[in-house]
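From first to last, the protein sequence lines are chains A and B.
The first sequence runs 9 to 203 under this note's numbering.
The second sequence runs 9 to 203 under this note's numbering.
Backbone N, C-alpha and C define an ideal beta-carbon position, used for all residues, glycine too.
Because the structure is a prediction, the values reported are computed rather than measured.
2 protein chains.
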Amino acid sequence: MQKTIQKRTLKTRARLFTAAEAVIEKNGYEALRVDEVVQAAGVAKGTFFAHFRDKDELMEILIGQKLVACFDQVEKGPMPKTALEIIDALEPIHSFMTSERYVFDLIIRYSGATAIAEIGPIAMCFERYVRMTAVWLESAEVRGDVSADLLAEGVQAFALQSMSLKYCALHESQSFRDRLEVYLNAWLNPIVQKT
Amino acid sequence: MQKTIQKRTLKTRARLFTAAEAVIEKNGYEALRVDEVVQAAGVAKGTFFAHFRDKDELMEILIGQKLVACFDQVEKGPMPKTALEIIDALEPIHSFMTSERYVFDLIIRYSGATAIAEIGPIAMCFERYVRMTAVWLESAEVRGDVSADLLAEGVQAFALQSMSLKYCALHESQSFRDRLEVYLNAWLNPIVQKT
DNA sequence: ATCAAAAAATGACCGCGGTCAATAAAAAAT
DNA sequence: ATTTTTTATTGACCGCGGTCATTTTTTGAT
């Protein structure tokens, strides 16, 4: 069973990516139309779907790339030690995730791997989010009664909750940052009187 | 500015609902097609969109109805006192929310009110989730350093996180219930040594 | 009862994502 | 160099959600 990939294929694929990025640059993610991309790339519509399962797959790749860049940037910075520092450290990631409603929805939808075989780029970022945060929490000034991994998953849960509420008119009085700060203080530094 | 609603309107609307429910009963939510509904209801396609902004609006209403029924059932039961009892009490709600991938995605997408003016049925359920849980937590055996409202929002965040992971192949080893139990124990009953 | 105005229903039509049998181009076999 | 086989590309076509000018029905005024 051979499967030689022609170099023509790579060229076509590259042109599709370039075209898609240009289209997004102009009008954002939501407004992207497959027809516009293939026209800009100078290929037929069918070719698009020979390279990507569906429009979402292209989107997942492109958004995943940007997300990875955000993570790289965040990991270059210094290790945060407190809840507030963690929030600030994660800011570039959260900022991109909520840059467009369409982007946020797509990220949520693809945050889980459908099959173990194929973990998509966004699902990988969600894994990375927890791993990275867990490392921070390992040596941060936080509660020690539960594992850093568990704490990290909680941080993710609260960050997602805060981002969701950002799109909710009922809660727009409080800013994303303030809300997440309240959550994380309560999650990472509970003050409990022993009974 | 008058706007008399004819009783014909209500009849048509009712027929659309009945037809939609029948269609869903047969093949589930995801497979519903507007064409199938209007045919079953014996009306033209345009009529559908005179009654509902789009297909999602109908779905939101139907799924919202079911959700409300779940809440009513849950509120009939006894007040849970512990993390575990809370998980069990909420089970009917979580169960319906994850009954179909399509249903879960739609619920997430409409969990926030787009505009304050029109709070959709699902957004109302999300409010109700927190209100109800907060009342429970008011008199439950849980930490007292933060408000019951905040604790309730956390419960919601962790429940959503657990549900999301249910659809993630990378985390399917742990069951929804076990995962949520770990989260809620850490959230509601932290054990911290005073420094 | 008659007629004008408001409300509701209609269905041909459009946009856009996605398919697939036919065709072209490249690689391998001769 | 020629044929065969594999791989890529094409574009007409389809499904389905959603629109809108036109028609039908209802209502309220005379």
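For E161(B), is the classification buried or exposed, using 16 other Cβ atoms within 10 angstroms of its Cβ as the cut-off for buried? The residue is buried, with at least 16 neighbouring Cβ atoms inside 10 Å.
Taking C-alpha atoms, which residue in D186(A), A91(A), G72(A) and I94(A) lies nearest to V111(A)? Per the Cα distances, G72(A).
For A22(A) and A39(A), what's the separation of their Cα atoms in angstroms? Spanning the two alpha carbons is a distance of roughly 21 Å.
Is Q14(B) buried or exposed, if buried means 16 or more other CB atoms sit within 10 Å of its CB? Exposed, by the Cβ-count rule.
Check whether the Cβ atoms of L158(A) and V51(B) sit closer than 8 Å, and answer yes or no. Between L158(A) and V51(B), the gap from beta carbon to beta carbon reaches 8 Å or more.
Applying a beta-carbon distance threshold of less than 8 Å, which residues of chain A neighbour W195(B)? G162 and W195, listed in chain order.
Name, please, each residue of chain A whose Cβ falls closer than 9 Å to the Cβ of S200(B). Note on identity: in this sequence residue 200(B) is Val, with Ser being the wrong assignment. Under the 9 Å cutoff, chain A gives R151, G152, D153, N197, P198, I199, V200 and K202.
Name the residue from F134(A), T12(A) and G152(A) whose alpha carbon lies nearest to the alpha carbon of A167(A). Answer by Cα proximity: F134(A).
Residues of its chain near A97(A), where Cβ-Cβ distance is below 7 Å and the 5 sequence neighbours each way are ignored: Same-chain partners within the cutoff: V82, G85 and P88.
Close Cβ partners of M9(B) (< 7 Å) along its chain, the five nearest in sequence each way excluded: Low local confidence applies: a pLDDT of 49 at M9(B) is under 50, so the model's placement there is unreliable, with the coordinate-based value given in what follows. Cβ contact annotation for M9(B) (same chain, cutoff 7 Å, sequence separation greater than five): none.
8 Å Cβ shell around A30(A) - same chain, five flanking residues per side excluded: Excluding sequence neighbours, A30(A) sits near A48.
Taking Y175(A) as the query, report the chain B residues whose CB atoms sit under 7 Å from its CB, ordered along the chain. Proximity of chain B to Y175(A) at the Cβ level (cut-off 7 Å) is accounted for by G120, in chain order.
Does R117(A) have its Cβ less than 8 Å from a Cβ in chain B? Cβ-Cβ to chain B under 8 Å: yes for R117(A).
If we count the other Cβ atoms within 10 Å of its Cβ and call it buried at 16 or more, is I115(B) buried or exposed? Result: buried.
Any beta carbon from chain B within less than 8 Å of F79(A)'s own beta carbon? Closer than 8 Å: no.
Against chain B, with Cβ distances strictly below 8 Å, would L92(A) count as a contact? Not an interface residue.
To the nearest angstrom, report how far apart L188(B) and S181(B) are at their CA atoms. Taking the straight line from one Cα to the other gives about 14 Å.
Am I right that S119(B) and S172(A) are in contact with their C-beta atoms under 8 Å? What's the rounded C-beta distance? That belief holds up - the Cβ atoms of S119(B) and S172(A) are roughly 6 Å apart, short of 8 Å.
Any beta carbon of chain B sitting closer than 8 Å to that of Y191(A)? Yes, because at least one Cβ of chain B sits closer than 8 Å to the Cβ of Y191(A).
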